[in-house]
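Its first residue numbered 532, the sequence shown is counted upward by one per residue in the numbering used here.
Every residue, glycine too, gets a C-beta built ideally from N, C-alpha and C.
Data first, discussion second: the structure below is written as structure tokens.
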Amino acid sequence: MKGALIGCGFFAQNQLNAWRDIDGVEIVALCDQDTQRLSTSASTFGIARTYTDAREMFGDGGFDFVDIVTTVGSHRALVELAASHGVHIICQKPFAATLDDGQAMVGAVRAAGKTLMVHENFRWQSPIQAAMKAVNSGAIGEPFFCRVSFRSGYDVFSGQPYLAEGERFIIEDLGIHILDIARAFLGDVDHLAATTRRINQSIKGEDVATMLLKHRNGATSVVDCSYATRRSPETFPQTLLEIDGHEGTLRLDAGYRLTLQGKTEKIVDVSPPLLPWAERPWHNIQESVRTIQQHFVDCLNAGTTPETSGEDNLKTLALVEAAYRSAKEGQTVKLSDR
Ligand code: NAD
Ligand code: 89V
């Protein structure tokens, strides 16, 4: 299977490393408007075909899928371009700038008859997968409450300066992952209420968000995110969980410690492996990149729909929109059925 990748910036390095790890896949072309980034990635990963213009790359073709690793502003144009050239697509989060854009993108790829997956990787982290497996096995009975928490003081702005510049920050960039995890555990959401704050005055958007979700199955979740939390040990980039079920509880605590209390108590170390090209503390995210890309390839080979498909991700995007609206208007927002 041959792929092309657009956007050779900060995060694409992880994706290029992960593609190299996956059997039966070769990245044959790279595109970036920044010639320096383009040539550095091409030489690091030994990729001969390079382009500064995505249209030219699609015109030359010769690949089955494209991996879009640019920031959100370019996603719609690139997804529609890829769809018009009939290739499968994996696209980074945030998938779209608005829900309307996201729906148009899903429609364009559906019309082309191709597969569209969003690189929504947090639910694919191995500690989260271990917790999911335990809950799905019935170890704590039916869950009625879930807290999904990401609180950190890590300087994300040095690697990703654009995160300090947008009107929106933590819900759009990080909360989107944490809301997606709440969905993965408890399913679709009926209504949501949110508050936001900006503690760090040198950035433009909100860096603290607290969200209360009522799920359609009757369960409640609290999704709380902060980049203004100074604590030791620093837990970046760990997502912590507390899930209460009718027959027990599950905790995923700092240090990747999973505690299951049902009829018996079990404590398991679910630390992610450190891949050869990964580095702490990012190794948790880096491993999930390889896992989600492998899932994409498996789905293409089997002709099945990816778990984090474009269509599925519209529901996570709707939660992001609802959270901003709720925080702005000071009201609970009902999720529509569309
Ligand atoms: P970045 O700014 O470092 O890199 C983006 C690159 O895309 C730049 O080199 C830029 O020149 C290039 N680019 C932009 N528009 C282009 C176009 N039309 N054609 C060709 N090249 C173009 O950004 P980043 O930090 O690597 O983030 C990229 C995406 O990855 C973002 O959407 C971000 O939210 C996401 N991200 C995801 C995770 C995760 O864990 N899933 C982590 C970090 C970043
Ligand atoms: O995963 C992400 O989207 C990253 C970070 C973990 C820094 O929020 O931007």
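Legend entry - Buried or exposed (CB count within 10 angstroms, at least 16 for buried), A642: Within the sequence shown, residue 642 is the residue found at index 111, counting from 1. By the 10 Å Cβ count, A642 comes out exposed.
Inset, instruction - Sort out for me which residues DSSP pairs C562 with in a bridge. - result: To locate residue 562, count along the sequence shown from 1; it is residue 31. Answer is I537, Y582.
Legend entry - Short Cβ contact (8 Å threshold) for D591 with V618: As a working note, residue 591 is residue 60 in the sequence shown. As a working note, residue 618 is residue 87 in the sequence shown. Their beta carbons are not under 8 Å apart, which means D591 does not touch V618 by this criterion.
Legend entry - Beta carbon of S657 nearer than 8 Å to that of F767: As a working note, residue 657 is residue 126 in the sequence shown. As a working note, residue 767 is residue 236 in the sequence shown. Against a cut-off of 8 Å, the Cβ pair of F767 and S657 comes out as no contact.
Legend entry - Reduced DSSP category for S840 - H, G, I as helix; E, B as strand; rest coil: For this step, residue 840 is matched to residue 309 along the sequence shown. Three-state DSSP puts S840 in a strand.
Inset, instruction - Within the segment 676-734, note down every full alpha helix (DSSP H) run reaching 4 residues or more, in order along the chain. - result: Counting only runs of 4 or more, we get 707-717.
Inset, instruction - Examine the Cβ distances between the segment 615-629 and the segment 549-559 and report whether three or more of them are shorter than 8 Å. - result: Segments in contact, no.
Inset, instruction - Ignore the nearest five residues each way along the sequence and tell me which others in L630's own chain have a CB closer than 8 Å to its CB. - result: Position 99 of the sequence shown holds residue 630. Excluding its 5 nearest sequence neighbours in each direction, L630 has C-beta neighbours in its own chain below 8 Å: L845, L848, A849, E852, listed in chain order.
Legend entry - Closer than 7 Å: D704 CB and nearest the ligand 89V heavy atom: As a first step, residue 704 must be located in the sequence shown, where it is residue number 173. Answer for D704: yes, Cβ within range of the ligand 89V.
Inset, instruction - Compute the distance between the beta-carbons of I659 and T836, then report whether it is under 8 Å. - result: Indexing the sequence shown from 1 puts residue 659 at position 128. Indexing the sequence shown from 1 puts residue 836 at position 305. Contact flag unset, no.
Inset, instruction - Look up S757 in the DSSP assignment and give the residues it is bridged to. - result: Locating residue 757 in the sequence shown gives position 226, where the first residue counts as 1. Answer is R682, V739.
Inset, instruction - Could you tell me whether the Cβ atoms of V828 and A549 are closer together than 8 Å? - result: Position 297 of the sequence shown, counting from 1, holds the residue named residue 828. Position 18 of the sequence shown, counting from 1, holds the residue named residue 549. Between V828 and A549, the C-beta gap is not smaller than 8 Å, which leaves the two residues out of contact.
Inset, instruction - Return yes when the C-beta of H708 is under 7 Å from any heavy atom of the ligand 89V, and no when it is not. - result: Here residue 708 refers to the residue found at position 177 of the sequence shown. Yes, the ligand 89V has a heavy atom inside 7 Å of this Cβ.
Inset, instruction - Answer yes or no: the CB of D537 versus the heavy atoms of the ligand 89V, is any distance below 7 Å? - result: Within the sequence shown, the letter at position 6 stands for residue 537. Looking at the sequence shown, residue 537 is not Asp but Ile. For I537, the shortest separation between its Cβ and any heavy atom of the ligand 89V does not lie below 7 Å.
Legend entry - contact_flag[the segment 716-728, the segment 736-750] where n(CB pairs < 8 Å) is 3 or more: Result yes; three or more Cβ-Cβ pairs closer than 8 Å.
Legend entry - From W808, K859, I712, S615, residue whose alpha carbon lies closest to that of N728: Translated into positions along the sequence shown, residue 728 becomes position 197. Checking the displayed sequence, the identity of residue 728 turns out to be Arg instead of Asn. Distance check between R728 and each of W808, K859, I712, S615 places K859 closest, using alpha-carbon atoms only.
Legend entry - Three-state secondary structure (DSSP) of L859: Reading the sequence shown from its first residue, position 328 is the one you call residue 859. Position check: residue 859 holds Lys in this sequence, whereas Leu was assumed. Here K859 sits in helix by DSSP.
Inset, instruction - Report yes if the CB atom of V679 is closer than 8 Å to the CB atom of S752, and no otherwise. - result: Taking the first residue of the sequence shown as 1, we reach residue 679 at position 148. Taking the first residue of the sequence shown as 1, we reach residue 752 at position 221. Contact flag set, yes.
Inset, instruction - Round the Cβ separation of L717 and A750 to the nearest angstrom and send it over; I've been treating them as touching at under 8 Å. - result: In the sequence shown, the residue the question calls residue 717 occupies position 186. In the sequence shown, the residue the question calls residue 750 occupies position 219. L717 to A750, Cβ: 5 Å. Contact.
Legend entry - Three-state secondary structure (DSSP) of T790: On the sequence shown, residue 790 is found 259 positions in, with the first residue counted as 1. When secondary structure is reduced to three states using DSSP, T790 falls in the strand class.
Inset, instruction - Kindly indicate which residue of A579, E587, I537 has the alpha-carbon position closest to the one of D565. - result: For the purposes of this step, residue 565 is taken as residue 34 along the sequence shown, with counting starting at 1. Measuring from the Cα of D565, the nearest candidate turns out to be I537.
Inset, instruction - Report, in whole angstroms, the separation of the C-beta atoms of A585 and L612, which I expect to be a contact under 8 Å. - result: Along the sequence shown, one-based indexing puts residue 585 at 54. Along the sequence shown, one-based indexing puts residue 612 at 81. Going by Cβ atoms, the distance from A585 to L612 rounds to 6 Å, so yes, they are a contact pair.
Legend entry - Cβ-based neighbour list, R747, same chain, cut-off 8 Å, excluding 5 preceding and 5 following: Counting from one through the sequence shown, the residue named residue 747 turns up at place 216. Its chain contains G718, D719, V720, D721 as the residues whose beta carbon lies nearer than 8 Å to that of R747, once the 5 sequence neighbours on both sides are disregarded; these appear in chain order.
Inset, instruction - Can you say whether E818 is buried or exposed, counting buried as having 16 or more other CB atoms within 10 angstroms of its CB? - result: Within the sequence shown, residue 818 is the residue found at index 287, counting from 1. Label assigned to E818: buried.
Inset, instruction - Would you kindly check if the distance between the Cβ of G706 and the Cβ of A854 is under 8 Å? - result: Here residue 854 corresponds to residue number 323 of the sequence shown, with the count starting at 1. Here residue 706 corresponds to residue number 175 of the sequence shown, with the count starting at 1. Yes, these two residues count as a Cβ contact at 8 Å.
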